[in-house]
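Structure first, commentary second.
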Amino acid sequence: MSLSNESQMMLFFRAQLCENPLEKRSAIQGKPFSGWAMLDSGASSIFIIENIVRDFQLFKKKLDKPRRLKVIDGRKIDSGRVEHYVTLNLKIFDHEEEVDAYVVNVGNHDLVLGMAWLKRHNPAIDWDKKSLVFASRYCSENCLHTSPIVKSGEPDLEIAATSELPTRYSEFSKIFTEEEISPLPPHRPYDCEITLKPDAVPRHGPIYSLGPKEDEELRKTVTKQLEAGLIRPSKSPMASPVIFVKKENGSLRMCIDYRKLNDMTVKNVYPLPRSNDLIEKLRGAKIFSKFNLKWGYNLVRIKEGDEWKTAFKTRYGLFEYLVMPFGLTNAPATFQHFMNDIFRNILDVYVIIYLDDILVFSKNEEDHEKHVREVLSRLQRHNLYCNLAKCFFSVKEIDYLGLIVSPEGIQVDPAKVVKAIDWLVPSKVVQVQEFVGFCNFYRTFIKDYSRIAAPLFNLTRKNHPWVWTEECAQAFEQLKEALRSAPVLIIPDITKQFFLECDASDFATGAILSQFSEDDRLHPVAFLSKAMTPAERNYDIYHKELLAIIKALKEWRHLLEGTALPVQIIMDHKNLGPFKASKDLRGRLARWAGFLSEFNFQLKYCPGKTNAIEPDEVLDDRIRDAYLQDKRLNHIVEVLQKNDKVKNWSWDNGLLMFKNKIYVPNDDSIRKDILASCHDNMAAGHPGQFRTLELVNRKYYWKSLKKSVISYVSHCKSCIRNKHSNQLPPGLLNPIELPSRPWDHINYDLITGLPESEGFDAILTVVDRMLCMVHFIPTTSRASAINVANLFVTYVWKLHGLPLKTISDRGPQFNLAFLKQLYKRLDIKPSLSTAF
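As structure tokens, then:
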């Protein structure tokens, strides 16, 4: 349904079915859904794929006269019969309108916006930036605020489609067959061999009960495979049952439950390639083509004599496979071995392969056509076929193994981002595991992944109670946001210098591997974040920082070992500098030193301010403004602004620096925000007092900094709720003795900080614990111990006599000297309590 991939642009859209015109009484619209629309100037109309209509139960309106899709040369497509259309409320960016889309069952795009749509809106398209602007008069009058009005009639559009196989490759058209079932392939050296363990005993399982639809699909599949010669009747002593799984389009696929056979099979350990290793081979590529093999494993034969082991039983009889079916434990290894040998001499040169997905990459169009021809010729020579609907030719951006690959680098597939954004809040552990597993695949795109996801990891631990806390919700949302804003990672170039930035918190290590790109700017290659083991969490900060470097070098050893240019390891912890020069290394440090000796690297110290990726300009501006309010700094600021030197002090871009750290004025809100950024931030991970102090001290300084940190961390609600105390539990509380008569036991305290009235600014309160009778005695906050004692005798003792016991707050006016004098004079036994 497109002229060529050069004429395409993909747009993210959201849509909603307009109300059903046959049910006028209902004002309820369909469920909103989202996907990717392709702009295709070669298509004449708007098309929506049948799968979307079925999955979201969209209401279809029937055409008066069915029509057929036609390709560019006028040929009609047998599978391209069009009988229905749907009316949608379509939203792209802020552009919203109501459209009619034909329902088709060809192509692999959710929605196609053809020439009729392009003519009507005439968007300004920037093909370089891959963006468009709706600026036409039609859009301004009709599309920005569209009302959900139901249209009647049919869309007045001519249906047409275009060929997807470029004419320059038409000689290979045989490869792109439209047959529904594969022909029987020949025997090859790569036939699937099933070797059973010596003690294996043939087993057979029961026939599973099937529903009407499954039974119908079973009959169809068995009949087709028998006619094609892919299976044959069997007399095998072992048999496996049939099961069905749903495809993405909702149809059923017949599979065999080979679990018992797999348990007794000797495993083929031929390796599958790591996706990261494959992507790294695309370094310098500018143009791509992708081919998806049709029928997959069915293109490989079962080794002659092993067919009986694949037998499966149905209500229609016992059959065995002649081709490799899905579900065999050795099928992936066998197929990968087959593909690698076919393309061995060009593998990783301009072709990478993961099972049935083939990607051809080149640096220019001329070479690319040669490369594609060579790949197609090998496929044709080995009787391998491709699924044309899943193939792409000569594109600058391609989806491969769940990633979007382009000359600029690699990024997260936007379709996967949409899935993450729409992920519902988990309500049980299994759902948390599913979400974390999904995010794990993209962890190289997420800075500080282990730190962010730590609350979710804790939920999945064995015997951990299910409590969805505020920290879990914050981690869940932050991971979704991290995926949405994931950066483009450049593909590493081993001929260029690498920069490695490492850091460690109380429970995780993190690293960023970067290189300079063509724009002479430093770009990330990958992010790394790993949780520490319980033993590693006990390391001091010096060893934790070294541990972060060791883990990063181990992760990227294949890139960093043996580099011609030294790897620049950037640290913000100065005491790591002497590590390489130290001659007295023992135990763990000796082992690490031996490992580090395999790398060519330089340790580079960068303090917190220079090591930051992006300075907090807003906070710096607040600090500059606060200098004007802190009168204690006026003198030193004036001296520095005159360019006079003051020991340990300097002036840098409007900021007062003390020993190369920003001096923070006496502003509680600024200091609190700084402490929050170094303690509460998910990237920091709520570290302890020492670690928080170390983080703040990297960049900032103020008097009593340590005291501020201790106070802030000790009152952190999240830490109090979630961190276990290392102190012994307090003892049992002793109840206060009850009085037997009024004014036997009294409480007294001094209330200060009141506005002055008639020369008094404080109140001495004396309370009887039995009657709750209170005396409020005016006094001053400057009253001495003798003054307070005189007030007590004048206002309390003369009216109620001597109490047997007093309970007081240990404030400045009730010091030990006063109590000793008063109680000695009145012969009262003292009993001090805490402030609560």
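Numbering-wise (my numbering), the sequence shown opens with residue -5 and increments by one. For each residue, glycine too, the CB sits at the ideal point set by N, CA and C.
Residue state for tyrosine 742 is assigned as strand, using DSSP reduced to three classes. A straight line joining the alpha-carbon of cysteine 249 with that of glutamate 360 spans about 43 Å. Under the three-state reduction of DSSP, valine 631 is assigned to helix. When the five nearest sequence neighbours on each side are left out, the beta carbons in the same chain lying within less than 8 Å of the beta carbon of arginine 226 are those of Leu220, Glu301, Phe313, Glu314, Leu316, in order along the chain. A straight-line Cα-Cα distance of about 36 Å links glutamine 374 and arginine 48. For phenylalanine 282, the enclosing beta strand (DSSP E) begins and ends at 281 to 286. Between leucine 450 and the set Ala414, His739, Gln425, Leu349, the nearest pair of CA atoms involves Gln425.
Taking a C-beta distance under 7 Å as the contact criterion, serine 234 and aspartate 257 do not qualify as a contact pair. For isoleucine 169, no alpha helix (DSSP H) segment is defined, and its DSSP state is neither H nor E. Measuring C-alpha to C-alpha distances from proline 319 to each of Thr304, Gln330, Gly311 identifies Thr304 as the nearest. Pairing valine 707 with tyrosine 394, the inter-Cα distance amounts to about 46 Å. The beta carbons of leucine 378 and leucine 287 sit about 6 Å from each other, so the pair counts as a contact at 8 Å.
Ranked by Cα distance from aspartate 661, the options Asp500, Asn339, Lys625, His362 are led by Lys625.
Rounded to whole angstroms, the gap between the alpha carbons of asparagine 457 and leucine 473 is 24 Å.
Across the set Lys799, Val354, His769, Ser775, the C-alpha of His769 shows the shortest separation from the C-alpha of phenylalanine 786. Counting along the chain, leucine 554 sits inside the alpha helix (DSSP H) bounded by residues 551 to 554. Shown here, phenylalanine 435 sits in a helix according to DSSP, grouped into three states.
In the DSSP annotation of this structure, the continuous segment of the beta strand (DSSP E) that includes aspartate 94 starts and ends at 89 to 98. About 5 Å separates the beta carbons of alanine 480 and valine 406, which is inside the 8 Å limit, making them a contact pair.
In this structure, the beta-carbon distance from tyrosine 695 to lysine 655 falls below 7 Å.
By the neighbour-count definition (other C-beta atoms within 10 Å, threshold 16), lysine 545 is a buried residue.
In the structure shown, tyrosine 348 falls within a strand segment according to DSSP collapsed to helix, strand and coil.
Residue pairing for glutamate 314: DSSP places it in a beta bridge opposite Arg226. Within the segment 349 to 374, no run of alpha helix (DSSP H) reaches 4 residues while sitting entirely inside it.
Residues of the same chain with a CB within less than 6 Å of the CB of histidine 198, apart from the 5 flanking positions on each side, are Met232, Ala233 in chain order. Excluding five sequence positions before and after cysteine 380, the CB atoms of its chain that fall closer than 8 Å to its own CB belong to Ile169, Phe170, Phe285, Asn286, Leu287, Lys288, Leu373, given in chain order. In the DSSP assignment, alanine 505 falls within the beta strand (DSSP E) that extends over 502 to 510. In chain order, Phe652, Lys653 place their CB closer than 7 Å to the CB of asparagine 642, counting only its own chain and leaving out the 5 sequence neighbours on each side. Burial state of proline 117 is buried, judged by a 10 Å Cβ sphere holding 16 or more other Cβ atoms. Short of 6 Å from the beta carbon of isoleucine 46, and not among the five residues preceding or following it, lie these beta carbons of its own chain, in chain order: Asp104.
Around the beta-carbon of alanine 529, fewer than 16 other beta-carbon atoms lie within 10 Å, marking it exposed. When C-beta atoms of the segment 511 to 520 are compared with those of the segment 688 to 705, fewer than three pairs fall below 8 Å, so the two segments do not count as touching. Taken in chain order, the whole beta strand (DSSP E) runs of length 3 or more contained in the segment 202 to 278 are 225 to 227, 236 to 240, 246 to 250. When the alpha-carbon of leucine 507 is set against those of His537, Tyr436, Ala95, Ile543, the nearest one is in Ile543. Note on the segment 744 to 808: whole beta strand (DSSP E) runs with a minimum of 3 residues are 756 to 762, 768 to 773, 799 to 803, in chain order. Under DSSP, valine 399 forms a beta bridge with Ile392, Ile404.
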